[in-house]
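In what follows, a single structure is set out as structure tokens and then discussed.
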Amino acid sequence: MKSRICRPFKSKPPFNPQRQAHTPACTHQTETKKAHGLERISALEPDIAHQAFDEMSVWDVVSATSTISRFARHHSHKEAICIFSRMLALDIRPNEFTFGTVIPSSTALQSLNSGMQLHGCAKKMGFNSNVFVGSAILDLYAKLSTIEEARKAFEDTHEPNVVSYTTLICGYFKKERFDDAVGLFQVMPERNVVSWNAMICGYSQTGRNEDAVNLFVGMLREGFLPNHSTFPCAIRAAANIAVLGMGRSFHASAIKFLGSNLSLFVSNSLISFYAKCGSMEDSLLAFTKLPERNVVSWNALICGYAQNGKGKEALDFFQKMETVSLEPNSVTLLGVLLACTHDGLINEAYSYFNQAKLKNPSILKPEHYACMVDLLSRSGHLNEADRFISDLPFDPGIGFWKALLGGCQIHSNMELGEFAARKILGLGPGDVSSYVMLSNAHSAAGRWQSVSMVRREMREKGMQRVPGCSWIEIKNHIHVFVTADRRQSGRDEIYKVLRFFLDHVRESQDFDCWIEPYIQLYDHSFLERSD
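Residue -4 is where the sequence shown starts when you use my numbering, and the numbers rise one by one after that.
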């Protein structure tokens, strides 16, 4: 059914030569009436704005563009495009503001076809080189088409401005063309806070967290003032590499530049940051200081407690969240299930999972099913985990079988472990981590011949194990550790402490039995050779 907004205009009033004899007072009256009509259109809701537009006695590019803008602002993008079509049918020539307003509607609808038609129309009328129109065209192609098309639109723009540059930078990051994004940023004739934000967020969202942190510091050094959009990206980057000291300085900068009453967006990022750095006291403090909280705030705290092994606290805050009438979403449920996993709460996990399945099944994602498999596997309920995988409403991915194999490794069930391993190798024959997991499982069971066979197969396939890496920040200096690294300046002291720890755990009478397979992987001969 056609939208009612697309129905034909009323007939255009015929031209009357006697109008030329109208007095200036009459002309002024017409202009006043026209202006009043535009005010009505701007004030009305989209579903009746078209009626006011039809009732106007004078139609021109200003009234049409105003109507298009009204629809676009209310996310009625199909209607905005329909108004543009009706403009053309009435021989009303669009201007650069019309195109700059209607093209984003095609982008919002993810309609590349209509966007290309609008681009062609703008080009035919000579507006494609206009910076306002060009920026809209550039954004269209950067989001919906190839980066080459976006680059071409950028080059067609006469004297591109900071918006054009920033849009193309975002497009480069979306396609993971980091060097092009950096190169364009460096040659920008002028920068503003939006262009800096685009670079910082682009780095953060694509995993280049150290670059994001360093760029934020560079932004401050060059005298640019960060805003409410800058800090969440910078803080997220600091959280991803767990640099607590650096993140604290970002927090202080946020208060300095934005005031003590930080926005919900910034505050939520701080809750998540402190949680990822293991400082749940600071995370809770940031949470309690919020004058109002949304589901993201609660999720950040619940997931933070869960990821830091504090399952009871996570579940307590989930129950508090339910008392404030906030509807949990998929992230909330994932945090709750993670909390149950860390504390081995199988019955509670089943209860939360089944409640969601019954009351709000739309929030259940593969990650929640995987979390249940991980919980059952870690807890030693391996056959139940296997049945759970068999009953999945979708084909299990490699992560499900890895969770089961990990449980088999902990509880020395190599029969089921080998079954899981075959599934893993079938789904990811080129996945190095799958072979490493299988090798570790055989090692934990003392099956050294099988370990040799797995490693030989890895060598024959040219697979190289990526060394494990971790880091810690001490006095604003980041110390990076790589597996079997001999270059650490304090390695003698580090290995001495590690040896003491392993000996202490072995002699302890109250450690969990599931730790033993992992301890066996750290052979004393390796520690001796490290000296």
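Ideal Cβ placement from N, Cα and C applies to all residues, glycine included.
Counting only runs that start and end inside the stretch 224 to 251, there is no beta strand (DSSP E) element of at least 3 residues.
Shown here for A75: same chain residues with a beta carbon closer than 7 Å to its own, the five before and five after excluded, namely I63, F66, A67, V97 and S100 in chain order. Runs of the alpha helix (DSSP H) spanning 4 or more residues and lying entirely within the stretch 72 to 98 occur at 72 to 84, in chain order. Annotated as distal: C165 and G129, with beta-carbon spacing of 9 Å or more. The Cβ-Cβ distance between W293 and F312 falls below 9 Å. When secondary structure is reduced to three states using DSSP, V477 falls in the strand class. Under the DSSP assignment, E468 falls in the beta strand (DSSP E) whose first and last residues are C464 to I469.
For the 9 Å CB-CB criterion, D151 and S190 do not form a contact.
Residue pairing by DSSP places H472 opposite I469 in a beta bridge. Pairing L333 with C366 gives a Cβ-Cβ distance under 9 Å. Contact holds between the stretch 329 to 347 and the stretch 366 to 382, because three or more Cβ pairs, one in each stretch, are under 8 Å apart. Distances from the CA of A145 to each of S434, I341 and L107 were compared; the closest alpha carbon is that of L107. Annotated three-state conformation of R382 is helix, per DSSP. Sixteen is the threshold: when 16 or more other Cβ atoms of the shown chains lie within 10 Å of the Cβ of N408, as they do, the residue is buried. Its chain contains F252 as the residues whose beta carbon lies nearer than 6 Å to that of P221, once the 5 sequence neighbours on both sides are disregarded; these appear in chain order. Of L433, E410 and V326, the smallest CA-CA separation from L420 is found for L433. Within 10 angstroms of the beta-carbon of N342 lie fewer than 16 other beta-carbons, which makes it exposed. When only Cα atoms are considered, Y430 and E379 end up about 24 Å apart. Straight-line measurement puts the Cα of V56 at about 57 Å from the Cα of I393.
T201 and P424 have their alpha carbons spaced roughly 26 Å apart. Under the three-state reduction of DSSP output, Q404 falls in the helix class.
Comparing C-alpha distances from I236 to each of R81, S262, V208 and I250 shows the shortest one belongs to V208. Pairing A117 with H72 gives a Cβ-Cβ distance that is not under 9 Å.
Burial check for G242: the Cβ neighbour count within 10 Å reaches 16 or more, so the residue is buried. Contact check for I142 against Y160 fails: the beta carbons are separated by 9 Å or more. Taking C-beta atoms as the reference points, N263 and P227 count as a pair closer than 9 Å. For the options L133, L135 and E91, the alpha carbon positioned closest to that of F122 is the one of E91. Closest option to E185, judged by alpha-carbon separation, among V477, P155, G375 and K147: P155.
Taking the C-beta atoms as reference points, S258 is found nearer than 9 Å to H223. In the three-state scheme derived from DSSP, where H, G and I count as helix and E and B as strand, G485 is classed as coil. Under the DSSP assignment, Q181 falls in the alpha helix (DSSP H) whose first and last residues are F173 to V182. Classified as buried, S438 has 16 or more neighbouring CB atoms from the shown chains inside 10 Å of its CB. In summary, K307 is exposed, with fewer than 16 beta-carbon neighbours lying within 10 Å of its beta-carbon over all protein chains present. W396 counts as buried, since no fewer than 16 other beta carbons sit within 10 angstroms of its beta carbon. Between the alpha carbons of G110 and V177 lies a gap of roughly 28 Å.
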